[in-house]
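Working notes for the structure below.
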Amino acid sequence: MSLNISAQRTYWQQEIDYTMNIDVDTEKHQYKGDQKVVYTNNSPDELDRVYFHLYFNAFQPGSMMDVRSRTITDPDRRVGDRISKLSEDEIGYQKIRSLKQDGKDVKFTH
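In the working numbering, the protein residues as written are 7 to 116.
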């Protein structure tokens, strides 16, 4: 009998740290603030891209969600054309102001 043992890859997990300063306006039902995100790649693989889902950007006239909610065959009646009719102060969004890798500015797309 022989025993064949091979080394397993060391366990790793990605790491992400958030720092947020948020003002809550309960009268206007709005949030405004800044968020700093630090993503650490602990994997043995080199990453050539990282995705962040900017959820609130869907709530803008002309967004993919707006167009889909107005043109889908079986629309969600709670949404319909409501997004396209939002006033300026009702529009939700998240804006990325800068992105750095190892302390250096890098280009990004929305």
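Just so it is clear, CB atoms sit at the ideal spot from N, CA and C, and this is done for glycine as well.
Tell me where the beta strand (DSSP E) around residue 23 begins and ends.
21 to 31
Note down, in chain order, each residue of its chain lying with its Cβ closer than 6 angstroms to the Cβ of residue 98, except the 5 sequence neighbours on either side.
Excluding residues within five positions, the ones whose Cβ falls inside 6 angstroms are 62 and 65.
Confirm, please, whether the CB-CB distance from residue 68 to residue 75 is below 8 angstroms.
Taking a C-beta distance under 8 angstroms as the contact criterion, residue 75 and residue 68 do not qualify as a contact pair.
So residue 72 is in the alpha helix (DSSP H); what residue range does that whole segment cover?
70 to 77
Have a look at the DSSP bridge pairing and note the partners of residue 37.
According to DSSP, residue 37 bridges with 30.
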